[in-house]
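Visitor: Handing you a structure now.
There are 2 protein chains.
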Amino acid sequence: MIRTIYWDNNAVVMIDQKALPLQETYLTCKHYEEVIKAINDLTVRGAPAIGVAAALGIALGALCIESGDPEGFRTDFYRICERFAATRPTARNLFWAVEKMKKRFAESASLSPARRKEALVAEAIRICEEDSAANRAMGRHGRSLIKNGDTILTHCNAGALATAGYGTALGVIRAAREEGKELHVFVDETRPVLQGARLTAWELTKENIPATLITDSMAGSLMQQGRINLIIVGADRIALNGDTANKIGTYTLAVLAKEHGIPFYIAAPLSTIDLSVQEGRAIPIEEREGEEVSCYHGVRTAPAGIKVYNPAFDVTPHRYITAIITEKGIATAPYGESLQRLVAAQAFG
Amino acid sequence: MIRTIYWDNNAVVMIDQKALPLQETYLTCKHYEEVIKAINDLTVRGAPAIGVAAALGIALGALCIESGDPEGFRTDFYRICERFAATRPTARNLFWAVEKMKKRFAESASLSPARRKEALVAEAIRICEEDSAANRAMGRHGRSLIKNGDTILTHCNAGALATAGYGTALGVIRAAREEGKELHVFVDETRPVLQGARLTAWELTKENIPATLITDSMAGSLMQQGRINLIIVGADRIALNGDTANKIGTYTLAVLAKEHGIPFYIAAPLSTIDLSVQEGRAIPIEEREGEEVSCYHGVRTAPAGIKVYNPAFDVTPHRYITAIITEKGIATAPYGESLQRLVAAQAFG
């Protein structure tokens, strides 16, 4: 079992995703600043994992607060929360986790500072454990969409490494395998950061799930050849109408899927849904530094002076999405209704 | 002016495209085996440039033939031609150039071996010069399709480096610039070999044509944002019905162009048209070694043991192609008629 991120002895431990697949090393963060740095530099990435990292990081930050008076504690706690909220703009789960921690903070106002810190640590650990459980539930719901013998295409890494464990899109694939289905996975390498080649290929190889690596530009040819039965990807933020932000390149796959009549599925926990965003165009899209595209391992691959455009995500309009797999069930169009129903189901237990 | 490949003092000189954009170095081949190696290892690439390399390489091979008797000369010459024909399977221009050299060989049967070698060298130089001239003619025809202020997307390298000079798709862009049109070019990096990042970005930077580099997976998002006015790419082989094989990822761009109502143009010399192939499915698609995808600069980017699928080309069906720009004019659907007409126009002068 791959342990992506967890709380251990007043520290946040995470697998170093920048070192994969060449090295399997773990980073132990004893100060919340180290967790912030790990989110920023992609040591931990994937929307649900970023949410978990923020929750655990905020708990770690709370432990460091020295102020004994409630007002000072509050000021320091909110400052730490804002620092985490400023790391990456697109992943909804990040803001969801920050809000969960703030809520627990408010609820624990009557406790002593020491007890309050314990409550915040307990909340963060619960967020971590619930994410893992949500993925397994997603797998149980989603596996019905995969038939024995299917060939599946996935993009980026929506696996154990993108979550507290098990994965969203890869969780559904794992669940189908666990019930004995034969399947084959084509993995988009996912430029520029190569999460597919480095992380998804590593997860699938580790578990002996038959897989083949391709460049992002080869997916269309495979669909044209009739070699892809379905596509499953994760999500970084889902608008109320079902429009979904995910790793750059996802929209292209959705258009190709439509052109070839191939089902296109999103797998994501309900914490990915942004109830404050009506449609995809309102989702903020992170642009990252050009060197991710123009350099590799410190070697320039493009001439000096060339401009680079490097959006980390794109938005797939809901009309391209066959279904959204969540831990509370599978939503289909109209998503405005189906997603609200699943969110309500979760809120009421 | 970029000189991609030329004949100089009984040698074939070519810019080393593997060293670009970091170094601008030239390789001087004094034996035809060196030219074969250069085609195989992508020191020279791009369908028209491969054709020119083969013609010049065969001429170089002819110079080395020691046999004085016509039958021995013929055997050696044909063996050299077969060696070149076996380098890369998709580029039509390679086979076209080999046939041109065989034709000149047959026509020169009455000459002494020394004169015959001269005739073959002269033919190869003519093929090289005509390719360059064809690109300029393509530019004059194609530039009318570009409006002042347009933003153009291109894929791979269909520039001076892919030809004897000036370029096919980039030739049309150069011609539009030369008549004073303002334009901006988005360059797909073109995984796995990064011809866009390494070569097209280098050509455009060198000539101060405004350009922005993106990963292949970002093109769809740009089209969705309404930021692309037209797409121009080259071709490796065109079937009689207009179906076009080009660098892997081209088909995806064509599907995206259709989805967004964006014109999708092919620019290629008539030597790219395969009169023996009725439709795209009959075009042989080269598969290259997996290390192109799973390694970079000798560093593995994917885990050991992962399978790789690495087709170098895909086929875009003619129904996605708005027009095919050639040196004899612009072909539109039905291509079966329009391409035949242009080929006939060329044959008769």
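Chains as they are written, first to last, in the numbering used here: chain F, 1 to 349; chain R, 350 to 698.
In this text, a Cβ means the ideal position worked out from N, Cα and C, and glycines have one as well.
(1) Between F/I173 and F/I232, is the Cβ-Cβ spacing less than 9 angstroms?
(2) Does the segment 61–75 of chain F come within contact of the segment 178–191 of chain F, defined as at least 3 CB pairs closer than 8 angstroms?
(3) What are the boundary residues of the alpha helix (DSSP H) that includes F/F264?
(4) Run the CB neighbour count on F/R115, radius 10 Å, all protein chains shown included, and call it buried at 16 or more, exposed below.
(5) Taking only beta-carbon positions, decide if R/V447 is within less than 9 angstroms of chain F.
(6) Identify, in the order they occur along the chain, each residue of the same chain with its Cβ nearer than 6 angstroms to the Cβ of F/P21, setting aside the five sequence neighbours on each side.
(7) Per DSSP, what kind of secondary structure is R/F697 in: helix, strand or coil?
(8) On the criterion of 16 or more Cβ atoms from any shown chain inside 10 Å, does F/K100 qualify as buried, or is it exposed?
(9) Of the residues F/A302, F/F95, F/Y265, which one's Cα is nearest the Cα of F/A331?
(10) Just the chain F side, please: which residues come within less than 7 angstroms of R/R649 by C-beta, in chain order?
(11) So is F/K206 in contact with chain R if we call contact Cβ pairs under 9 angstroms?
(12) Only counting the same chain, and skipping five residues up and downstream in sequence, which positions put a Cβ closer than 7 angstroms to that of R/G508?
(13) For my contact list, R/A560 and R/V536 are in at a C-beta cut-off of 8 angstroms; report their separation, rounded to the angstrom.
(14) Indicate the three-state DSSP secondary structure (helix, strand or coil) for R/Y515 in the structure shown.
(15) Could you check the C-alpha separation between R/I670 and R/G647 for me, to the nearest Å?
(16) Considering only the alpha carbon of each residue, which of R/E479, R/A403, R/G406 lies closest to R/E676?
(17) Could you give the C-beta distance for F/S144 and R/R540, rounded to a whole number, given that I count them as a contact under 8 angstroms?
(18) Quick one: Cα of R/A584 to Cα of R/W356, how far?
(19) Using 9 angstroms as the limit for Cβ to Cβ distance, is R/P541 near chain F?
(20) Under three-state DSSP, which class holds R/S658?
(21) For R/M487, does the count of other Cβ atoms within 10 angstroms reach 16, so buried, or fall short, so exposed?
(22) Under 9 angstroms, do F/M223 and F/A257 count as touching if we go by C-beta distance?
(23) Taking 9 angstroms as the CB-CB limit, is R/H646 close to chain F?
(24) Taking only beta-carbon positions, decide if F/V308 is within less than 9 angstroms of chain R.
(25) Which complete alpha helix (DSSP H) runs does the segment 235–288 of chain F hold, if anything under 4 residues is left out?
(26) Tell me the residue span of the beta strand (DSSP E) that contains F/V64.
(27) Using a Cβ-Cβ distance under 9 angstroms, would R/Y375 count as near chain F?
(28) Using 8 angstroms as the threshold, is the segment 390–407 of chain R in touch with the segment 623–630 of chain R, meaning 3 or more CB pairs across them?
(29) Classify R/G508 as helix, strand or coil using the three-state DSSP reduction.
Guide: Looking at the coordinates:
(1) Going by beta carbons, F/I173 and F/I232 fall inside the 9 angstroms limit.
(2) Judged by Cβ distances under 8 angstroms, the segment 61–75 of chain F makes no contact with the segment 178–191 of chain F, as fewer than three pairs qualify.
(3) In the DSSP annotation of this structure, F/F264 is not part of any alpha helix (DSSP H); the continuous beta strand (DSSP E) holding it starts and ends at 264–267.
(4) With fewer than 16 neighbouring CB atoms inside 10 Å of its own CB, F/R115 falls in the exposed class.
(5) Look at R/V447: its C-beta is not under 9 angstroms from any C-beta on chain F.
(6) Excluding positions up to five away in sequence, the list reads R198, W202.
(7) In the structure shown, R/F697 sits in coil (DSSP, three-state: anything other than H, G, I, E or B).
(8) With 16 or more Cβ atoms within 10 Å of its Cβ, F/K100 is classed as buried.
(9) The option with the nearest alpha carbon to F/A331 is F/Y265.
(10) Per Cβ cutoff of 7 angstroms: L22.
(11) With its beta carbon less than 9 angstroms from one in chain R, F/K206 belongs to the interface.
(12) So the list reads G516, L519, L548, T549, E552, once near-sequence residues are dropped.
(13) Contact between R/A560 and R/V536 holds, since their C-beta atoms are separated by about 6 angstroms, short of 8 angstroms.
(14) Residue state, collapsed to three classes: coil.
(15) Spanning the two alpha carbons is a distance of roughly 38 angstroms.
(16) With distances taken between Cα atoms, R/E676 lies closest to R/E479.
(17) Wrong, their Cβ atoms sit about 34 angstroms apart, outside the cutoff.
(18) Whole-angstrom Cα-Cα distance: 25 angstroms.
(19) Proximity of R/P541 to chain F, defined by a Cβ-Cβ separation below 9 angstroms, is satisfied.
(20) A quick correction: the sequence has Tyr, not Ser, at residue 658 of chain R. When secondary structure is reduced to three states using DSSP, R/Y658 falls in the coil class, being assigned neither helix nor strand.
(21) Label assigned to R/M487: buried.
(22) At a Cβ-Cβ threshold of 9 angstroms, F/M223 and F/A257 count as neighbours.
(23) Contacts with chain F at 9 angstroms (Cβ-Cβ) include R/H646.
(24) Under the Cβ distance rule, F/V308 counts among the residues neighbouring chain R, one pair being separated by less than 9 angstroms.
(25) Inside the segment 235–288 of chain F, DSSP marks whole alpha helix (DSSP H) runs of 4 or more residues at positions 250–260, from first to last along the chain.
(26) It should be pointed out that residue 64 of chain F corresponds to Cys in this sequence rather than to Val. First-last for F/C64: 47–64, but that is the alpha helix (DSSP H), not the beta strand (DSSP E).
(27) For R/Y375, the answer is no, since every Cβ of chain F falls outside 9 angstroms of its Cβ.
(28) Cβ pair count under 8 angstroms is below three, so no.
(29) Correct three-state label for R/G508: strand.
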